[in-house]
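Protein chains in written order, with this note's numbering: chain A, 196 to 487; chain B, 202 to 444.
For glycine and all other residues, C-beta sits at the position ideal for the given N, C-alpha and C.
Computed from a predicted structure; not experimentally measured.
Below: one structure, written as structure tokens.
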């Protein structure tokens with residue numbers, strides 16, 4: 196029983212990371228119909244920038260702020276400079292370009308920072324928590340991870356639902372042509388959407404890297420699992436991405452705990468394949484794809 | 202209708218040339234839509250009516266010519282900037298954002314107004330369009346065709362436009378709904394003094410409410426006259442208008 200509880204808590208904690216990556220992919224997908232394969236690589240890069248700042252100043256939170264800010268900037272620059280060139284072109288162009296970005300950013304990180312694994316500090320203690328003498332499978336840092344991701348998701352939900360900029364962002368995502376006719380500066384909204392996604396990705400990078408170490412391709416697996424989370428949620432739904440991340444985290448945690456830790460990534464890929472084959476619009480879809 | 206438009210404007214189009222790729226659709230169209238009037242744009246399918254509106258609103262970039270609204274030339278500006286200059290385009294078919302609620306569709310239009318004016322403007326729209334007030338919290342995708350047409354017109358009005366471009370507002374609507382829409386358009390001119398450019402296949406009903414009209418054929422203006430004169434011209438009606 197305690198074991199089950201621990202696996203569940205560990206799974207939810209890992210799932211928060213997948214949820215954050217998934218959420219950032221959904222943001223980008225809804226706005227620009229691009230699946231950003233470089234999302235993980237961008238988060239890896241911002242984590243390196245954070246590590247530089249942390250090592251230079253000894254201040255974790257300064258590094259944290261630098262990661263989020265550079266995530267915003269990198270997201271915006273990537274949209275303006277690279278993605279803008281392929282909007283309105285065949286979808287394959289965007290796929291190729293974003294894979295190119297992934298390779299480019301990982302190569303650049305290798306050149307600048309070297310390719311060896313670096314350890315990365317957590318925000319809070321990574322000693323296991325316990326209730327009385329019963330050890331739980333989570334740490335204060337896991338609690339922080341959950342709070343940070345849920346808070347970010349909550350802030351995004353409120354901004355999108357209740358603010359004018361959120362209304363503009365949604366209108367741009369659903370119908371850019373109509374939004375333009377109503378005076379919405381669609382280009383700016385797309386840049387903003389990518390910037391926000393970059394920020395979320397950077398947050399995920401800061402949260403996951405203490406447990407993976409940091410190297411130019413340390414985010415690759417996390418990206419695939421985050422993508423799986425988004426697909427489980429249907430790729431259109433922010434709430435679905437969060438739910439998808441948590442479900443995936445728990446399932447993978449059971450697989451690793453009860454079966455074998457070697458099979459975790461295999462299970463992740465299998466989950467992705469199964470969802471794409473059986474429920475391509477996501478586990479929670481009821482209606483067929485959106486009406487236009 | 203929302204409130205009288207004080208600085209209603211005359212839209213002057215001079216020698217407009219536009220098209221898609223190698224296809225030239227408009228071949229030097231000139232038309233003036235006087236402030237506070239309805240100008241009907243008539244003609245057969247493919248005459249260039251919709252392209253004319255799309256060139257005015259910036260969705261199609263004009264290759265030549267001027268589009269002047271109170272002196273400023275908006276030709277070549279992007280659609281969002283043309284909208285901000287006060288030209289609202291109600292495109293043909295379903296221009297509602299189906300995923301947003303009725304209220305959110307309207308609020309999107311209101312964003313072009315100063316923040317302080319929005320609440321009153323929305324209340325006024327709901328007063329005028331009672332059916333939209335009843336359905337305000339429903340997804341716009343659940344509305345009927347007639348209700349959607351009301352919503353897109355109401356949303357265009359929410360932007361506080363000086364010029365309203367309407368593309369086939371009666372297309373696909375039941376006859377009773379069509380007369381409601383036409384009454385509404387007439388009211389926008391009479392009560393609010395809006396400048397309206399009305400594209401219609403249904404020439405008879407368009408000329409019944411318009412002040413002036415032009416007839417397009419193959420991208421050129423073949424007639425430009427007061428609405429009554431166009432309606433009375435038997436040869437023109439038979440050749441181009443089909444009634």
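About 4 Å separates the beta carbons of residue 424 of chain A and residue 213 of chain A, which is inside the 8 Å limit, making them a contact pair.
One thing to note: residue 362 of chain B has its Cβ no nearer than 8 Å to the Cβ of residue 277 of chain B. Contact annotation: in the segment 225-254 of chain A, no residue has its CB less than 9 Å from a CB in chain B. Using a 10 angstroms sphere on the CB of residue 265 of chain B, the tally of other CB atoms stays under 16, which defines it as exposed.
Of the other Cβ atoms in all chains shown, 16 or more fall within 10 Å of the Cβ of residue 239 of chain B; this residue is therefore buried. Within the segment 366-393 of chain B, no residue has a Cβ lying closer than 7 Å to any Cβ of chain A. At a cut-off of 8 Å between beta-carbon atoms, residue 249 of chain B makes no contact with chain A.
Linking residue 422 of chain B to residue 213 of chain B through their CA atoms gives a straight-line distance of about 14 Å.
When Cβ-Cβ separations below 8 Å define contact, residue 296 of chain B makes contact with chain A. Between residue 450 of chain A and residue 351 of chain A, the alpha-carbon positions lie close to 31 Å from each other. Looking at A/380, A/261 and A/358, the one whose alpha-carbon comes closest to that of residue 367 of chain A is A/380. Rounded to the nearest whole angstrom, the CA to CA distance from residue 207 of chain A to residue 345 of chain A is 12 Å.
Residue 413 of chain B has a beta carbon lying at 8 Å or more from every beta carbon in chain A. For the beta strand (DSSP E) assignment, the uninterrupted runs of no fewer than 3 residues enclosed by the segment 314-399 of chain B are, from N- to C-terminal side, 364-368. Burial of residue 351 of chain B is indicated by the presence of at least 16 other C-beta atoms within 10 angstroms of its C-beta. For residue 227 of chain B, the closest of B/242, B/246, B/236 and B/250 by C-alpha to C-alpha distance is B/250. The segment 387-405 of chain A and the segment 229-243 of chain A touch, with no fewer than 3 CB-CB distances between them shorter than 8 Å. For residue 222 of chain B, no beta strand (DSSP E) encloses it, and the DSSP letter there is neither H nor E.
In terms of CA proximity to residue 411 of chain B, B/430 leads the group B/419, B/420, B/436 and B/430. Boundaries of the beta strand (DSSP E) harbouring residue 331 of chain A: 329-334, taken from the DSSP string. Exclusion of the five residues before and after residue 416 of chain A leaves 460 as the residues of its chain whose Cβ lies within less than 7 Å of its Cβ.
By the beta-carbon neighbour count (other beta carbons within 10 angstroms, threshold 16), residue 287 of chain A is exposed.
Close to chain A, meaning a Cβ-Cβ distance shorter than 9 Å, is no residue of the segment 203-237 of chain B at all. Taking a contact as a CB-CB distance under 8 Å, the pair residue 316 of chain A and residue 405 of chain A counts as one, their CB atoms being some 6 Å apart. Short of 7 Å from the beta carbon of residue 258 of chain B, and not among the five residues preceding or following it, lie these beta carbons of its own chain, in chain order: 280, 283, 288, 290 and 366.
Taking the beta carbon of residue 381 of chain A as reference, the chain B residues within 8 Å of it are 281, listed in sequence order. Chain A places no beta carbon closer than 8 Å to that of residue 361 of chain B, leaving this residue out of the contacts. Considering only A/325, A/479, A/433 and A/464, the residue with the shortest C-alpha distance to residue 198 of chain A is A/325. DSSP, reduced to helix, strand and coil, places residue 288 of chain A within a helical segment of the structure shown.
A Cβ-Cβ contact shorter than 8 Å links residue 359 of chain B with residue 326 of chain B. The contact set of residue 362 of chain A on chain B, defined by CB atoms closer than 7 Å, consists of 305, 308 and 309 in chain order. Residue 234 of chain A sits buried, since 16 or more C-beta atoms from the chains shown fall within 10 Å of its C-beta. For residue 315 of chain B, no Cβ of chain A is located within less than 8 Å of the residue's own Cβ. Close partners of residue 359 of chain A in chain B (Cβ separation under 7 Å): 312.
Annotation: residue 425 of chain B is outside any alpha helix (DSSP H); the continuous beta strand (DSSP E) that includes it extends over 421-427. Residues of chain A whose Cβ lies closer than 9 Å to the Cβ of residue 292 of chain B are, in chain order, 372, 373 and 376.
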